[in-house]
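Using this note's numbering, the first residue of the sequence shown is number 3, and each one after it goes up by one.
The beta carbon of each residue, even a glycine, is placed where N, CA and C say it ideally should be.
As structure tokens, the structure follows; a few thoughts come after it.
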Amino acid sequence: GKAASLCIKHSTTPRAIYHSHFPELQALLKLPGAARRDNVNDEPKLPADYKPLPTQVTAVATENFEAGIDPKKLPGLVLDDAQAKLTGKWTTGGNPSLQPYVGAGYRYRGAKEDGAARYEFTIEKAGDYEVRVSYSPHENRATNTRVAIESADGVKETTINQRNKPPLPQNFISLGVFKFAPGKPAVITLGGKPADGNVHADAVQLLPK
3 GKAASLCIKH STTPRAIYHS HFPELQALLK LPGAARRDNV NDEPKLPADY
53 KPLPTQVTAV ATENFEAGID PKKLPGLVLD DAQAKLTGKW TTGGNPSLQP
103 YVGAGYRYRG AKEDGAARYE FTIEKAGDYE VRVSYSPHEN RATNTRVAIE
153 SADGVKETTI NQRNKPPLPQ NFISLGVFKF APGKPAVITL GGKPADGNVH
203 ADAVQLLPK
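So this is what it looks like as structure tokens:
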């Protein structure tokens with residue numbers, strides 16, 4: 003079933019799957035049997051009432067938690083998706099084939115949704131900070147993911163093409179340098195309006211310059 007789904011997804015033969023897409027097949031085989039997806043281009047997800055066996059819990063923890071980048075080891079100020087304030091409907095993901103990601107996994111929401119992930123930073127030292135956002139690229143991601151940066155200078159909006167691989171190490175992309183100060187807004191928001199694909203939310207990093 004899993005190999006056949008990849009044949010459909012990539013319009014190829016079973017032999018070609020083992021030659022050209024074997025890592026993706028391995029990632030699917032490591033998922034619990036209860037993982038499902040609506041079509042071959044979606045990410046597998048578990049039912050809300052899924053209760054894994056102890057051996058499966060260990061396997062998932064080893065695959066996702068240990069492989070994820072520890073946000074505490076990244077320089078600057080870092081907030082992971084687990085610390086973001088979420089509105090709307092989001093799904094937790096941790097597909098090993100989409101590594102590297104920060105922490106235990108990431109969140110994503112559908113194209114037609116308008117949910118937002120709001121990262122609220124506490125600034126102790128005024129200055130210029132480079133804003134970086136991490137995400138795992140995928141063909142079902144949005145090319146127009148909205149990002150709003152609230153800084154001491156006001157609010158600036160931009161978009162990210164999350165189908166393209168981020169240019170910086172550990173799957174980060176830079177959104178530019180902004181002024182932040184104590185007592186002033188220091189908020190990065192992903193989403194908030196529909197897009198042309200799934201919106202992916204992982205970590206946001208502020209690097210002092």
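Notebook entry, point to check: How would you call T191, buried or exposed, if buried means at least 16 neighbouring beta carbons within 10 angstroms?
Noted result: With 16 or more other Cβ atoms within 10 Å, it is buried.
Check: What's the C-alpha gap between R148 and Q164?
Finding: Each residue's Cα considered, the two are about 10 Å apart.
Note to self: What does the alpha-carbon distance come out to for the pair I71 and A118?
What the structure shows: 23 Å
Next item on the list: Pull up the distance between the alpha-carbon of R143 and that of G129, whole angstroms please.
Entry: Computed Cα separation, rounded: 33 Å.
Check: Cβ of Y108 within 9 Å of Cβ of G96?
Finding: Taking 9 Å as the cut-off, the Cβ atoms of Y108 and G96 count as close.
Note to self: Using C-beta distances below 6 Å, list every residue in its chain close to G199, excluding the 5 sequence neighbours before and after it, in chain order.
What the structure shows: In its chain, beyond the 5 residues on either side, A113, N142, R143, A144 have a beta carbon closer than 6 Å to the beta carbon of G199.
Margin query: Using 9 Å as the threshold, is the C-beta distance between T93 and K47 below it?
Written below: Taking C-beta atoms as the reference points, T93 and K47 count as a pair closer than 9 Å.
Check: Does DSSP classify N146 as helix, strand or coil?
Finding: Annotated three-state conformation of N146 is coil, per DSSP.
Check: Can you tell which of F174, P187, S13 has its C-alpha closest to the C-alpha of V157?
Finding: P187
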